Amino acid sequence: MPFTLATWNINSVRLREPLVIDLLKAEAPDVLCLQECKSPVDKIPREGFAALGYEHLVARGQKGYNGVAILSKLPLEEVGAEDFAGLGHARHVAARLPNGVVIHNHYVPAGGDIPDREKNEKFGQKLDYLTDMTKAFEADRPKDAILVGDLNIAPREDDVWSHKQLLKIVSHTPIEVEHLTAAQEAGDWVDVTRKDIPEGPLYSWWSYRSPDWDKADKGRRLDHVWATPDVARAASGSRILRDVRGWEKPSDHAPVFAHFDL
DNA sequence: ATGGTAGCTAGGCTA
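In this note's numbering, each residue's number is its place in the first sequence (first place is 1) plus 58.
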């Protein structure tokens, strides 16, 4: 059962319902994982998605902040949700496809501006979220699984516009990269996007604060698609839809796609 | 060093 999967930090699913619909019409992924829905689950505008064949939805939500959703043309079996770092936020949800593959959709805390947990509680929460993720993978090694989402960390030098200038900027500090790498290794996760596109600059997010984001191109790769080795072997054709960042009233993130021939 | 923009929701928090 081959399928195409996409992940996109939508920054309000209600405000950007028309953009979601445009993406579904243009690219028709089988599964679309959204982050930062900023909506209670019962207020997600699912009718417009269902009309395009996306009849299945598994989500966690809260008013105003966070929120994750898995939207699918294929049936979804809800697997549940974790509350890593005990924040009580809607940052994870998981669902199983008919072929048995479990999809984990994460929105990792951004972590505030100061990369020091003594001075900034939110940075500590971000590291704790990743540590809890690592522990969960050590306790229960994932199998036949995909993990996607806004992980809010750009791990590689070529995942940011300037490695040197971002070393002390939250999202690219060494301690964050260490925590993310520990989680990745604990789950034996393969970075599918970099398996398919091994070389060169690759970004999925450009700040709203940068005028002329396209020309300046001060991006970071914060959005990721990981898979367990067996599933990753079946992956191909990964791409980041940079053009979507240039749509009218855009999200600050571009969608990331991967195809799986399973 | 600072400020730059956006969403939610009505002043400030979060990103």
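C-beta: ideal position from N, C-alpha, C; glycine also. Note that the structure is a prediction, hence the values are computed from the model and not measured.
Contacting residues, own chain, Cβ-Cβ under 8 Å from residue i (five flanking each side not counted)
i, result
"V160", "V137, A152, A153, R154, P200, D202, A203 and I204"
"D171", "N178 and V228"
"L224", "A212, V218, H230 and R278"
"P103", "V71, R72 and E75"
"I233", "P173 and L185"
"L145", "P167, Q183 and Y187"
"E226", "According to the sequence shown, residue 226 is Lys rather than Glu. These residues qualify, in order along the chain: P173."
"K180", "P167, A168, G169 and G170"
"K101", "R72 and G119"
"N69", "E94, K96, S309, D310 and H311"
Cβ pair residue i, residue j closer than 8 Å
i, j, result
"D281", "V314", "yes"
"H230", "V218", "yes"
"L82", "L90", "yes"
"R50", "L185", "With the chain covering only 59 through 320, there is no way to say anything about residue 50."
"V116", "L92", "no"
"S309", "N67", "yes"
"D216", "P259", "yes"
"A194", "E140", "yes"
"L129", "I79", "no"
"H317", "S262", "no"
"Q183", "P173", "no"
"V302", "V250", "no"
"H114", "P133", "yes"
"L77", "W305", "yes"
Limits of the unbroken beta strand (DSSP E) element including residue i
i, result
"I161", "V160 to Y165"
"L280", "Element bounds for L280: n/a, residue is neither H nor E."
"A316", "V314 to F318"
"E234", "Here E234 belongs to no beta strand (DSSP E); instead the alpha helix (DSSP H) covers P232 to A244."
"A152", "H150 to R154"
"R297", "A293 to I298"
"A203", "A203 to D208"
"E136", "E135 to G138"
Residue i, enclosing alpha helix (DSSP H) - first and last residue
i, result
"Q120", "First-last for Q120: undefined, no H or E at that position."
"G182", "E179 to A197"
"A290", "P287 to A290"
"L224", "H221 to L224"
"E252", "The question names Glu, but residue 252 is Arg in the sequence shown. It spans V250 to D254 - the alpha helix (DSSP H) in which R252 sits, taken as one unbroken run."
Same chain only: Cβ atoms within 6 Å of residue i, ignoring 5 sequence neighbours per side
i, result
"A37", "It is not possible to answer for residue 37, since the shown part of the chain is limited to 59 through 320."
"P213", "V235 and L238"
"D319", "P60 and A292"
"H147", "N124"
"F107", "L129"
"H221", "E215"
"T62", "P87, D88 and H317"
"S294", "H317"
"H164", "H150 and G207"
"S254", "According to the sequence displayed, residue 254 carries Asp and not Ser. So the qualifying residues of the chain are S296."
"F349", "Residue 349 cannot be examined here, being either before or after the span of the chain that is shown, 59 to 320."
"K131", "D88, G111 and Y112"
"L299", "A312 and P313"
"A240", "T192"
"R118", "V126, A139, A148 and V151"
Closer than 7 Å: residue i CB and nearest the ligand NAP heavy atom
i, result
"D288", "With respect to small molecules bound, the structure shown includes none, and the ligand NAP cannot be examined in it."
Own chain partners of residue i with C-beta closer than 7 Å, once the 5 adjacent residues on each side are dropped
i, result
"D275", "W219"
"D272", "G304"
"G350", "No information on residue 350 is available, as it lies outside the stretch 59 to 320 that the chain covers here."
Open item on the list: Would you call the stretch 196–208 in contact with the stretch 245–261, where contact means no fewer than 3 C-beta pairs closer than 8 Å?
Closed with: The way I'd put it, the stretch 196–208 does touch the stretch 245–261; three or more beta-carbon pairs between them come closer than 8 Å.
**OP:** Count the CB pairs spanning the stretch 117–133 and the stretch 88–98 that are closer than 8 Å, and state whether there are at least three.
**Re:** They touch, by the three-pair rule.
(message) Going residue by residue through the stretch 64–120, where are the continuous alpha helix (DSSP H) segments of at least 4 residues, counting only ones entirely within it?
(response) Within the stretch 64–120, the complete alpha helix (DSSP H) runs of at least 4 residues are 75–85 and 104–108.
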